[in-house]
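One structure is given here, and the rest of the page talks about it.
Protein chains in written order, with the working numbering: chain A, 521 to 1445; chain B, 10 to 204.
Pasting the structure below:
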């Protein structure tokens, strides 16, 4: 009996999960009677077995559920109330099943109220289903129904169920009733037993054995491949092929289709959308993708988080969607596909998308303004995975606490996966999740250190840096901690023998032949995991291998730097390092992870600053802030000339006008005479729009310094002295020099002017993309809106809009309507004139033939006339800047409209885009 | 090293019965495999012995207890190798206590016989100085209780010894394998505790 109960519970748990998603599908498409018939069969089957196993409570509940589902199967359309009722009954069924699985008996409780609700709803639907039928037919149908109901009532009184008593006629009559309504429907087909249940442990054991077989095959192949043994080669080849087939087959046993898990999310979407008063549907494109069942379990929670976020914040209410010209039902799309040995899951929605400005605002809690400005839109979105980061205006029980996305990322990283946020090109948000196909086989990077081979998970390896001993431009030491320069970043460097004993570096038996002592060049592996990036010094990288990870025995429990061990293809053992364990071992904090400590205004994280160290002509060392040092040159005397008794530097770069810079010594004194030298070392400095040049004798080095916090860094910099790499340096006060220079030139230094934001409103995503690129190329910052609603929201939140480009023909609220609304809103926003509204028309040729523009617009341009779009934008942005007395970083343009058109067209066709900096330099020069 | 006849796991009718009726037959005579370290003799319950095998390819595991010589591949299972001599020795004072798995030491160990032991649900390899014969319970002089606790108080590794019997006019210390693993597991390289 126990075995039967176990089988029943296992089978029921499997089926019951599928009911919820099937029911939601049926609610969306009531015409598909196959779905409801399937649900009916499942519930009927559960009910039948309940009778056999004396599960009275479960039997009563499933009996009532079956009655209601039966009416749906008869053709009655489901109401949301009916579906909710059935889902509740399914949940209750699951609860009882779980309790039986745990305790072996049904839990104590009463489902009377639920059963009554199910029966009441069934009666109501039945009455609605048969009102117009002939009296004879109705009578003939009602008899079994009444009998059925009576049987259920009787059952309730007698605490027994109809199926438990085969002699009771009610079920038979009920079945006759269904058959009468669906005469063509035959009895449910008998289920063929075409599968067996296996414990997962057994699958894992099979996988291990096969992996070991593969290793033995490899060991066998190597010596035989080199020897000339023809009669062995054939069988060996077959053995090899069969081993591969066996490995693939066993791998496939662990794989399960993603579809059932994804389909189970339908229920979540349905429940949340009802709760939030939104309309949403989940569209799944799974392409038959299969994945390791362990991974299925692991990614269920991340996907649930993403769906909750999308429904709570991403999708608009039906009213908002209609106003925005969208279908009132929001779409969540979940796409699964294979990608280079990985599974890629793309979850996107057609909601309001990411609000970059909100993210930027929130980012100020974590980062300095200049850091935020330096972030690309893509990088900005990745901030959302920082713990505690939430742009939600309110916290609900669904989302908004900022604990969702970081948990999602953590879960994925634990299995070697990644997640990235992207703006959906069609509007809305998009999350791209990548994960390995299987946890059984893990890709590993094998490397050598101190004569021994080790491995580290390959997906977390970000890159490599070649390193020659004593090469200072790659590795720098600050306060005893070594750092590696990787691109723009300075990352801590872990040298394993600082933390772990490695003997004398002599290679152990059967290990790598290349040792550190034989080769001076080394390689630094750049590792990124759980928000921490660091370099790991290795002697040599030995390639990657797909291996089976094995856990280490508990005597290694206090060595978290090891994730496990594995056997390589040649049968050798390697220890596998754990990135987080290594970082913890080295005491590395999550420098680029903006953790909760920062969020809670506790002491700030360490700040690392980079400096250029140079020597002046008096032999003194100076340190110049890296961020203020734009460029370093070695120039001959032809670039210098005398002006008003002081030396100036003249430079001309490609496709840019010649510019002149004031030249000064590191101590701020003007350079009156150039020292005698073939080449002069120049540091080009930039501060708040002003550029100037510093004359140096030679560049000594670049160095980083880590301060405990920004405040400590600030205090240290105020002293004007720093010790970098044991060199005492004076700090180059570039800000003070810039101010003095500006004063001498009669200029006033200003804080950086805001970039002009252009709001581009067009429902055509391809055009938005094209136009954004065009305008961005010419120095504007473009914010896109796909519809009127988005535009209204953005218009209200952006502070530096200098023009609004509006497509006149948009679904929902068109361009005219939008302009009227924006004007109205703008009047409330401030008292100044609104930014110029420029109408975008599809009819570029006959502009003059179109009706007169409403007063809200200042101009109309053909959408596809690039030069005209640019010219009109430039003209009106300039006018608006003057009229509103706002200062934008604008292109140096003429006030003459005609020349303006020509110059912009010329600029568009022939010249490289001018940057903000080049414009400012030009002004100074 | 005194590698006598390669010991075999004692298989008797009674032990087969033990497999099927373990709980119902508590009085089955026990047996121990004798190993020696210097002049001392130790016994390991034969029920814990998984295999006896010649060593090859020991891979160091930096940071582990000094008695852990490294990892070995035993029929595709990765198991740690424990050097019995180091386990019984007092800790060294050197910073990284790397003596037990110095490459030369490892090379010298290869082809020596080691015991694979099933302890809990894990397998460990133990490298003793020498492996001797199997001793049945009946052959012990004081099989009832072993030496009283008071008589063992002076032993340095009391925590690793479950019982001490007298056999052939010598002492046979029965190893507490679980305690041995617990001692190694408590070691923390980064705090250098439980050496």
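Every residue, glycine too, gets a C-beta built ideally from N, C-alpha and C.
According to DSSP, residue pairing for residue 1214 of chain A in a beta bridge involves A:1184, A:1203. Taking 8 Å as the cut-off, the beta carbon of residue 593 of chain A is found no closer than this to the beta carbon of residue 615 of chain A. Of all residues in the region 1082–1102 of chain A, the ones placed with a Cβ closer than 9 Å to any Cβ belonging to chain B are 1082, 1084, 1085, 1086, 1087, 1091, 1092, 1093, 1094, 1095, in chain order. The region 182–189 of chain B and the region 123–141 of chain B touch, with three or more beta-carbon pairs separated by less than 8 Å. Under the 8 Å criterion on CB atoms, residue 131 of chain B is classed as interfacial with respect to chain A.
Distance from the CA of residue 1252 of chain A to the CA of residue 937 of chain A, rounded to the nearest whole angstrom, comes to 45 Å. The continuous stretches of beta strand (DSSP E) do not include residue 978 of chain A, and DSSP gives it neither H nor E. In this structure, the CA atom of residue 927 of chain A is about 9 Å from the CA atom of residue 821 of chain A.
Here residue 645 of chain A has 591, 596 as same chain residues with Cβ atoms under 6 Å from its own Cβ, once five neighbours each way along the sequence are excluded. For the pair residue 70 of chain B and residue 888 of chain A, the Cα-to-Cα distance works out to about 43 Å. Note that the C-beta distance between residue 76 of chain B and residue 95 of chain B is below 8 Å.
In this structure, the CA atom of residue 193 of chain B is about 30 Å from the CA atom of residue 1013 of chain A. At the C-beta level, residue 812 of chain A and residue 775 of chain A come within 8 Å of one another.
Shown here, residue 906 of chain A sits in coil according to DSSP, grouped into three states, outside any helix or strand. Here DSSP, grouped into helix, strand and coil, assigns residue 628 of chain A to coil. Closest in alpha carbon position to residue 83 of chain B, among A:1086, A:870, A:815, is A:1086. DSSP places residue 754 of chain A in the uninterrupted alpha helix (DSSP H) bounded by 750–774.
CA-to-CA, the gap between residue 1248 of chain A and residue 833 of chain A works out to about 53 Å. When CB distances to chain B are screened at a threshold of 7 Å, the residues of the region 722–736 of chain A falling below it are 732, 735, in chain order. Rounded to the nearest angstrom, the gap between the Cα atoms of residue 93 of chain B and residue 46 of chain B is 8 Å. With contact defined as three or more Cβ pairs closer than 8 Å, the region 841–860 of chain A and the region 874–881 of chain A are not in contact. Membership of residue 1150 of chain A in any alpha helix (DSSP H) is not indicated; the residue belongs instead to the beta strand (DSSP E) covering 1149–1155. The straight-line gap separating the alpha-carbon atoms of residue 894 of chain A and residue 954 of chain A is approximately 27 Å. Under the 8 Å criterion on CB atoms, residue 193 of chain B is classed as interfacial with respect to chain A.
Chain A places no beta carbon closer than 8 Å to that of residue 188 of chain B, leaving this residue out of the contacts. Out of A:636, A:549, A:1386, A:951, the CA that lies nearest to the CA of residue 901 of chain A is found in A:951. Under the 10 Å beta carbon count, residue 179 of chain B is surrounded by fewer than 16 other beta carbons and is classified as exposed. A direct Cα-Cα distance of roughly 20 Å separates residue 1048 of chain A from residue 1018 of chain A. Ranked by Cα distance from residue 1097 of chain A, the first of A:942, A:626, A:1106, A:977 is A:977.
With a threshold of 8 Å between beta carbons, residue 68 of chain B makes contact with chain A. For residue 933 of chain A, no pairing in a beta bridge is given by DSSP. Taken in chain order, the unbroken stretches of alpha helix (DSSP H) that lie wholly in the region 539–588 of chain A and span 4 residues or more are 553–573. The beta carbon of residue 74 of chain B falls within 8 Å of a beta carbon belonging to chain A, placing the residue at that interface. Assignment of residue 1300 of chain A by DSSP, reduced to helix, strand and coil, places it in the coil class. Annotation: the continuous alpha helix (DSSP H) that includes residue 93 of chain B extends over 93–97. Nearest to residue 1132 of chain A by C-alpha distance, out of A:1139, A:1138, A:1150, is A:1150.
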